[in-house]
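Notes follow the structure.
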Amino acid sequence: MSQHFKETPQNAITESGIARVIPCKELDVGDPIKWLSLGLQDFLRTPLISIFYGLIFAAIPWFISYLVALTGWHLVILPSIVCFMLIGPFLAAGLYDVSWELEKGHKPSLRHSVRAIRRNAVNEWGFGILLMVLMIFWLRVASLIHALYPQHQIESLESLLPFLVLGSIVGAVFCVGMFFVTAFTQPILMERKVDLATAVMTSVNAVWVNKVPMFTWAGIIFSMVAIGFVTGFIGFIVLMPILGFASWHGYIDAIETKRERSYV
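Residue numbers (my numbering): 1 to 264.
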């Protein structure tokens with residue numbers, strides 16, 4: 001499959017064994033560490049803009065937790081997550097714009113990064129809605145598993161084990177599926193005037209072709225998000241911008257372009 005991409009014209013929309021996609025490159029297993037390093041460099045070069053976006057990413061889960069503690073109404077989590085899924089792609093687009101501006105030798109600005117959100121707004125909203133639908137489906141499946149499990153059997157860890165195993169397997173399947181869909185879709189939509197289906201299937205294809213480095217990258221993302229939660233979301237102020245910048249560099253490495261970029 002990788003050989004097929006090397007033989008096709010760069011940036012041509014081609015027919016692959018999976019779907020209609022933009023050709024991808026082969027990644028090395030160590031590339032995710034390089035992306036993380038480049039993301040950190042971008043953060044250090046634009047600390048004020050980075051912290052602005054980081055504060056938003058940290059404020060959202062903190063606000064959700066605050067609402068739950070204030071009202072005691074856990075159902076507030078669902079509409080809050082839905083809202084986050086709708087605005088998350090736009091926040092990420094702002095971070096990608098900062099890295100893109102740095103690579104082009106421009107001076108990034110908060111205003112320019114916010115305006116970048118409008119570059120492909122229709123498909124950006126479509127992506128947000130897609131994430132929202134997937135998340136709602138995930139939550140409903142989790143609720144169904146919980147509802148079907150006999151409450152009277154919860155007496156020990158041993159009795160809980162089948163429930164925990166089933167829930168973990170289902171959760172892992174959803175996580176893997178979400179990673180395939182989201183890995184490169186957002187930066188593709190921001191940089192290129194393509195439709196949502198093309199961006200999603202390009203992302204799926206690129207992850208499939210580069211399974212080892214991409215799942216290494218997924219492990220890094222999981223670890224950094226876990227650190228953010230352990231630190232009471234404060235870690236998100238720094239970690240989320242770095243992840244956003246690093247994701248842009250991953251996109252640059254992974255997806256073919258029509259002509260060679262004049263920057264690294």
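Heads up, the beta-carbon is just placed ideally off N, CA and C, and yes, glycines get one too.
Reduced DSSP category for residue i - H, G, I as helix; E, B as strand; rest coil
i	result
residue 255	strand
residue 192	coil
residue 118	helix
residue 21	strand
residue 101	helix
residue 161	helix
residue 30	coil
residue 4	Low local confidence applies: a pLDDT of 41 at residue 4 is under 50, so the model's placement there is unreliable, with the coordinate-based value given in what follows. Helix, per DSSP.
residue 234	coil
residue 46	coil
residue 206	helix
residue 107	coil
residue 183	coil
Pair within 9 Å by beta-carbon distance, residue i and residue j
i	j	result
residue 95	residue 53	yes
residue 35	residue 219	no
residue 178	residue 134	yes
residue 123	residue 181	no
residue 238	residue 43	yes
residue 131	residue 187	no
residue 141	residue 163	no
residue 225	residue 21	no
residue 61	residue 229	yes
residue 145	residue 167	yes
CA nearest to the CA of residue i, picked from the options
i	options	result
residue 116	41, 221 and 189	189
residue 199	123, 241, 185 and 221	185
residue 216	62, 32, 51 and 108	32
residue 171	108, 68, 139 and 127	139
residue 30	214, 228, 252 and 223	214
residue 206	254, 128, 70 and 169	254
residue 241	60, 45 and 39	39
residue 46	65, 256, 68 and 106	106
residue 25	227, 222, 202 and 228	202
residue 196	147, 120, 50 and 65	120
residue 103	114, 227 and 41	41
residue 93	49, 69, 67 and 66	49
residue 227	58, 183 and 112	58
residue 183	108, 113, 70 and 252	252
Supposed close pair residue i, residue j - CB separation, criterion 8 Å
i	j	result
residue 91	residue 56	6 Å
residue 23	residue 191	Not quite, the Cβ-Cβ distance comes to about 15 Å (not below 8 Å), so this is no contact.
Is there contact here, the segment 244-253 with the segment 90-100, by at least three beta-carbon pairs under 8 Å? yes
At a cut of 8 Å, does the segment 227-241 reach the segment 201-210 through at least three beta carbon pairs? no
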